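A quick write-up on the structure given underneath.
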Amino acid sequence: MKLEENKTLLETIKNYKKLPLLDPGELKRLCREIRSLIIDVTLKNGGHLGGSLGAVELCVALLRVFNPERDKIIFDVGHQTYAYKILTDRLDSFPTLRRKGGISGFPKRSESAYDFFDVGHSSTSISAALGFAKARDLIGMGHEVVAVIGDGSLLNGLALEGLNNLTECGTKLTVILNDNKMSISPRVGGMAEHLAKLSVSAPYRRLKQFVKDQCRAMSDGSKMENRLARWKTKLKSLLLPQNIFEDMGVSYWGPFDGHNIHELEEIFEMSKQYPKPLLIHVITKKGKGCSEAEMSPVKFHGVGAGTVIAEISPKTGTPDLQKEDWSAAASDAICELASRDGRVVAITAAMEDGTKLSPFREKFPKRYFDVGISESHMMTYAAGLAAGGMRPVICIYSTFLQRAMDQLIHDVSMQKMPVLIAVDRAGMNGEDGETHQGLLDIAWGKSIPGLLICAPRDKIDLVFMMSNWLEGEMPVMIRYPKGPVTKTLARGSESAPAPWLSSEILRHGSDVCVIGIGSTVESVLGASEFCAREGLPLPTVVDLRFASPLDWKTIDAALSGHSLVVVAEDGYKTGGVGETIASRAAQCCYSCSVRVFGVDATYVPHASRDEQLSDAGLTASDIFLAIKDFYGATTTRAVG
Ligand SMILES: Cc1ncc(C[n+]2csc(CCOP(=O)(O)OP(=O)(O)O)c2C)c(N)n1
Numbered sequence: 005m006k007l008e009e010n011k012t013l014l015e016t017i018k019n020y021k022k023l024p025l026l027d028p029g030e031l032k033r034l035c036r037e038i039r040s041l042i043i044d045v046t047l048k049n050g051g052h053l054g055g056s057l058g059a060v061e062l063c064v065a066l067l068r069v070f071n072p073e074r075d076k077i078i079f080d081v082g083h084q085t086y087a088y089k090i091l092t093d094r095l096d097s098f099p100t101l102r103r104k105g106g107i108s109g110f111p112k113r114s115e116s117a118y119d120f121f122d123v124g125h126s127s128t129s130i131s132a133a134l135g136f137a138k139a140r141d142l143i144g145m146g147h148e149v150v151a152v153i154g155d156g157s158l159l160n161g162l163a164l165e166g167l168n169n170l171t172e173c174g175t176k177l178t179v180i181l182n183d184n185k186m187s188i189s190p191r192v193g194g195m196a197e198h199l200a201k202l203s204v205s206a207p208y209r210r211l212k213q214f215v216k217d218q219c220r221a222m223s224d225g226s227k228m229e230n231r232l233a234r235w236k237t238k239l240k241s242l243l244l245p246q247n248i249f250e251d252m253g254v255s256y257w258g259p260f261d262g263h264n265i266h267e268l269e270e271i272f273e274m275s276k277q278y279p280k281p282l283l284i285h286v287i288t289k290k291g292k293g294c295s296e297a298e299m300s301p302v303k304f305h306g307v308g309a310g311t312v313i314a315e316i317s318p319k320t321g322t323p324d325l326q327k328e329d330w331s332a333a334a335s336d337a338i339c340e341l342a343s344r345d346g347r348v349v350a351i352t353a354a355m356e357d358g359t360k361l362s363p364f365r366e367k368f369p370k371r372y373f374d375v376g377i378s379e380s381h382m383m384t385y386a387a388g389l390a391a392g393g394m395r396p397v398i399c400i401y402s403t404f405l406q407r408a409m410d411q412l413i414h415d416v417s418m419q420k421m422p423v424l425i426a427v428d429r430a431g432m433n434g435e436d437g438e439t440h441q442g443l444l445d446i447a448w449g450k451s452i453p454g455l456l457i458c459a460p461r462d463k464i465d466l467v468f469m470m471s472n473w474l475e476g477e478m479p480v481m482i483r484y485p486k487g488p489v490t491k492t493l494a495r496g497s498e499s500a501p502a503p504w505l506s507s508e509i510l511r512h513g514s515d516v517c518v519i520g521i522g523s524t525v526e527s528v529l530g531a532s533e534f535c536a537r538e539g540l541p542l543p544t545v546v547d548l549r550f551a552s553p554l555d556w557k558t559i560d561a562a563l564s565g566h567s568l569v570v571v572a573e574d575g576y577k578t579g580g581v582g583e584t585i586a587s588r589a590a591q592c593c594y595s596c597s598v599r600v601f602g603v604d605a606t607y608v609p610h611a612s613r614d615e616q617l618s619d620a621g622l623t624a625s626d627i628f629l630a631i632k633d634f635y636g637a638t639t640t641r642a643v644g
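Here the numbering used here is used: position 229 in the sequence shown is 233, and no number is missing along the way.
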């Protein structure tokens, strides 16, 4: 293809429509250019590097064979779709990846007509694609439906439920299993072993090809080939392991080289003619094309904004990630509990890196469990461990805890199992956007009887809360945000935390009381400092500490002793602590006003966490302005 002046091949073709015009050499060049763009932008803006680099040829082959104006390509998790985005009309906007107002790091229907299903949490693709396929049949259309799922995501119950329903639905669907042997960390479990066995069936394929070539070279070769075909099943069963997909009634083709566009294309073309549910197994390399990412796939799964490759340590990640954050502080505290008490075990659902549990794994390998992406199983497993005499600690992001809500109610809380749920990334989550926000855990967690929910404002309280869980017999949820941990915040000469189940009055003031919980304690303290600077009377400042049960003694005193009570929380207002306190004020006929600062009932899009907090009106200056308004209004009333 003739390049346009001063343009790269990618800039010349602009999108997938000209892909069929490219020869093999040009396709290689195109993939190199796509990779280089992905690396540049992702290092600058932050994002998912390894998975997207590994899926470049896969996306190109998909777009050469399938027509996204007709066919539906449904990605799982969606973190591997950067090449797909670039080739489906987002080349120019790609530099805005994950920035406020820019394109999302995940597929998003509102962003592009080529994104068919919003995603961010794993293992939804097979179920969603099955729905698309069934709808196609019922409406009487004929397009292809393809689900693209990684080996880590396939191990999840939701994906397996979808797979189980495939043959039952009696519809045609193609599942492409993108197998790079990794989840974020190396994939784990029995299904992982099964996939590994399937991947080593290359000897069978080589032998088949050898026999074919030999036959063709013989004079009566075709007769021989036919005779051998009869032995094919036997040969296959000798050389190939049992195949779970075939046994479930889903045809299995593979494994194929996921970086060989020609091979992928041939097989995808054949799949169009195939009338039944089919799984195509392709092998890819995570981080392909960036040697550092290939060598350290865990550290390059996702990178922060402003990453410099040379500064990434294969062991500890980016310098930014090496600072002590809430995850590391929690992990430290859990290690400390485990050294004191042999019953303490730690569990993660494929998030060892994000929740910083590696030191625990290294110190207590027998008491550490990575259960793969299986949040619901993890919760019930923890309940079983607790019933059996252990003290399990689950480390999980708030957003993924949503997957285990029923298990938290039915298996943990109802049965009063002493499980500690360490809820990481609670509140606004920044650049991953809507799908990854941790804004619901207070609201729904608070409704679960018998579940204690607390949020420390600093590391001292985090350690205190974790120790108290171990001393008690209750399920406890401790939530903390993304970002650097506050070592100590607003502690007087005695740094001992307030008693268990109590809120803490950090400062006594008059007229106004500001209440924060967890990360918003810093904001209400900030608002109080603004008051000091502006010469307004200082408010009373309360760290609520417990979202459930609420410390009514302190709250009632705040409601009865102030004219304005402000509550700030890093979560949805609906069902949050602010709403509960406001309803108490109304029910008990307190004369004060209550103002709640939290997040409105919207899905908060990608931006930095600070931008999100500011857009939600959750900063210290927003809270200060409410206090200032209050004094403005009272002065006006007094004058009037
Ligand atoms: C329900 C859920 N749990 C955890 C995650 C975090 N997560 C994002 S990608 C990923 C690994 C997925 O592995 P795989 O499907 O094999 O894709 P790969 O990254 O290897 O390309 C995990 C655990 C998630 N997105 N959703």
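Beta carbons are placed, not taken as given, at the ideal position from N, Cα and C, and that holds for glycine. Values in this document were obtained by computation on a predicted structure and should not be read as measured data.
Here phenylalanine 601 really is in contact with alanine 572; their C-beta atoms are around 4 Å apart, less than 8 Å. Glycine 51 is bridged by DSSP to Val307. In the structure shown, the three-state DSSP call for methionine 252 is coil. For the pair serine 189 and aspartate 357, the CB atoms are nearer than the 8 Å cut-off. Two segments are said to touch when three or more pairs of C-beta atoms, one from each, lie closer than 8 Å; by this definition the segment 140-150 does not touch the segment 161-171.
Beta-bridge partners assigned by DSSP to arginine 599: Val570.
Membership of cysteine 399 in the beta strand (DSSP E) is indicated by the continuous run 395-401.
Within a 10 Å sphere around the beta-carbon of leucine 505 sit fewer than 16 other beta-carbons, which makes this residue exposed.
Annotated three-state conformation of valine 608 is coil, per DSSP. Assigned with DSSP and collapsed to three states, lysine 89 falls in helix.
In the three-state reduction of the DSSP assignment, leucine 455 falls in the coil class, being assigned neither a helical nor a strand state.
Assignment of cysteine 593 by DSSP, reduced to helix, strand and coil, places it in the coil class. Sequence-distant partners of alanine 536 (beyond 5 residues in either direction) whose C-beta falls short of 8 Å from its own C-beta, in its chain, are Leu542. Going by beta carbons, histidine 610 and serine 108 fall inside the 8 Å limit.
DSSP places serine 331 inside the alpha helix (DSSP H), whose first and last residues are 330-344. Looking only at Gly29, Phe136 and Gly154, the smallest Cα-Cα distance to histidine 83 is reached by Gly154. Collapsing the DSSP output to three states places proline 363 in a helix. Going by beta carbons, valine 427 and aspartate 445 fall inside the 8 Å limit. The DSSP assignment places 129-143 and 155-158 as complete runs of the alpha helix (DSSP H) inside the segment 99-159, in order along the chain (cut-off: 4 residues). Annotation: isoleucine 377 to alanine 562 spans about 44 Å, alpha carbon to alpha carbon. Per DSSP, cysteine 517 lies in no alpha helix (DSSP H) segment; the continuous beta strand (DSSP E) that holds it begins and ends at 516-520. For threonine 578, there is no enclosing alpha helix (DSSP H), as DSSP marks it with neither H nor E. In the three-state scheme derived from DSSP, where H, G and I count as helix and E and B as strand, tyrosine 484 is classed as coil.
Within the same chain, Tyr576 and Thr578 come within 7 Å of alanine 605 by CB-CB distance, once the 5 residues on both sides are set aside. In the three-state reduction of the DSSP assignment, leucine 181 falls in the strand class.
Burial of tyrosine 20 is indicated by the presence of at least 16 other C-beta atoms within 10 angstroms of its C-beta. In terms of CA proximity to isoleucine 287, Leu181 leads the group Leu181, Val81, Ile452 and Ser300. Using a 10 angstroms sphere on the CB of alanine 500, the tally of other CB atoms stays under 16, which defines it as exposed.
The segment 371-391 and the segment 404-413 touch, with no fewer than 3 CB-CB distances between them shorter than 8 Å.
Comparing alpha carbon positions, the residue from Lys292, Ser587, Ala630 and Leu456 closest to arginine 36 is Lys292. Not one heavy atom of ligand 1 sits closer than 7 Å to the Cβ of glutamine 616.
With the rule of 3 Cβ pairs closer than 8 Å, the segment 261-280 counts as touching the segment 67-75.
Looking only at Val375, Ala350 and Glu379, the smallest Cα-Cα distance to glutamate 366 is reached by Ala350.
In the structure shown, glutamate 435 adopts coil according to DSSP, grouped into three states. DSSP lists Val397 and Val480 as the bridge partner or partners of leucine 424. Of the candidates Leu13, Lys76, Thr12 and Pro99, Pro99 places its Cα closest to the Cα of leucine 47.
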